[in-house]
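By the numbering used here, the letter at position 183 of the sequence shown is numbered 192, and the numbering carries on one by one without gaps. By construction, the Cβ of each residue, glycine as well, lies at the ideal position given by its N, Cα and C atoms. Below is one structure; the comments refer to it alone.
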Amino acid sequence: MKRAMFLLVLLGTGAISASVGRAQPDPAAIAIQKVAANLYVVTGGRGSGGQSNTISGCTTVFVTSTGVVLVDTKLPGFGKAILAQVKTVTDKPVTTIINTHTHGDHTGNDDKFGTSVEIVAQENTKTNMAKMDAFKGDKAVFLPKRTFKDTLTIGSGSERIDLYYFGAGHTNGDAMVYFPALRVLQTGDLFARKDAPRIDRANGGSGVAYPQTLSKAVATVKNVDIVVPGHSPLAKWSDLQEYQRYTTDLLNEVQTARRAGKNADAAAASISLADKYKGYTSEGLKLAVQAIYDELDSPRTR
Ligand SMILES: [Zn+2]
């Protein structure tokens, strides 16, 4: 049994080990990690072909008395691998999927857990998902049936889950998922990693609203010990607070550079937030600065 599952995991992750360096942990491997009593995070899941530079989003596994709640389902092709990991911690079926947002590295296997699974997302995310090829035609049955605008509570007592929408940021439908009994908050890609945010303007994302959206999150959600980011290892509440400050500084620096007459490339070259924010990288900086410039040049009418 164990060997079969191990094989499944190997098959699920594909032929990626060749490209991965020596002693480093394989970033593409799917692995499950216990976060709290009945909550686990499945990390990893590198894309193939054109997506080989993409590692799937974190998938949370919340085991309740009635079934398993998954938050996000990685890139297409990892459905069996996710299920194999779930089976290592419970025999209960997957009954609910929460999508933090529309992107394919978070919704890629929504269709792999059966049609009786309840799929939940913020209402703008449902609209965004309906535009994806992955949810057209026969696959439209896997669009979220349960949606919310600002908040939604699922379950009760120790199994309670609170969903929040705080405004535009990474997209216009980013849900934060809070497990109050466990003091765990999953941020989706509103806080993906310690780097400049990816701002998906085609799906309503906003670098101008970003700091305010995170500020609402930080002011609203109470009693968080562990943060599950979109694409990086477990973090602390203070890391989310710091990320709010980072996005504020980023926006301010972009506005200052723009007022000084710099173009987006020159602005990106002049901004060095990684010096101020320890442990941060700047891989997404150029794209983020460009997205903020584009937004300032042609603000969306609300
Ligand atoms: Zn995303």
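- Relative to ligand 1, ASP81 has its C-beta separated by 6 Å or more from all heavy atoms.
- Between ASN212 and THR180, the C-beta spacing is below 7 Å.
- Less than 7 Å separates the beta-carbon of VAL80 from that of GLN195.
- When secondary structure is reduced to three states using DSSP, GLU292 falls in the coil class, being assigned neither helix nor strand.
- Distance from the CA atom of VAL236 to the CA atom of GLY197, rounded to whole angstroms, is 10 Å.
- ASP119 has its alpha-carbon roughly 32 Å from the corresponding atom of GLU251.
- Within 6 Å of the C-beta of ASP198 there is at least one heavy atom belonging to ligand 1.
- The beta carbon of THR63 is closer than 8 Å to those of ARG55, GLY56, LEU84 and ASP114 in its chain, skipping five residues each way along the sequence.
- Following the DSSP letters along the chain, one finds THR82 in no beta strand (DSSP E), marked with neither H nor E.
- In this model, THR229 and LEU161 are separated by some 14 Å (Cα to Cα).
- Pairwise C-beta distances place the region 279–299 out of contact with the region 231–246, as fewer than three of them are shorter than 8 Å.
- Using a Cβ distance threshold of 7 Å, ALA297 and PRO206 count as a contacting pair.
- Judged by beta-carbon spacing, GLN221 lies beyond the 7 Å limit of TYR174, meaning their Cβ atoms are not closer than that value.
- Counting along the chain, ILE107 sits inside no alpha helix (DSSP H); it lies in the beta strand (DSSP E) bounded by residues 103–107.
- The Cβ atoms of ILE107 and VAL126 do not sit closer than 7 Å to each other.
- When distances are taken from the beta-carbon of HIS112 to the heavy atoms of ligand 1, the shortest one is below 6 Å.
- Its Cα nearest to that of THR111, the residue PRO153 stands out among PRO153, VAL186 and ALA46.
- Ranking ILE208, ALA277 and ALA278 by CA distance to the CA of ALA177 puts ILE208 first.
- Taking a contact as a CB-CB distance under 8 Å, the pair LEU260 and GLY293 does not count as one, their CB atoms being some 14 Å apart.
- The residue among LYS101, LYS148 and GLY117 with its C-alpha nearest the C-alpha of THR124 is LYS148.
- Listed in chain order, the non-local C-beta contacts of ALA277 below 6 Å within the same chain comprise LEU294, LYS295 and VAL298, local neighbours out to five positions each way being set aside.
- Counting of Cβ neighbours within 10 angstroms places ALA226 among the buried residues, the total reaching 16 or more.
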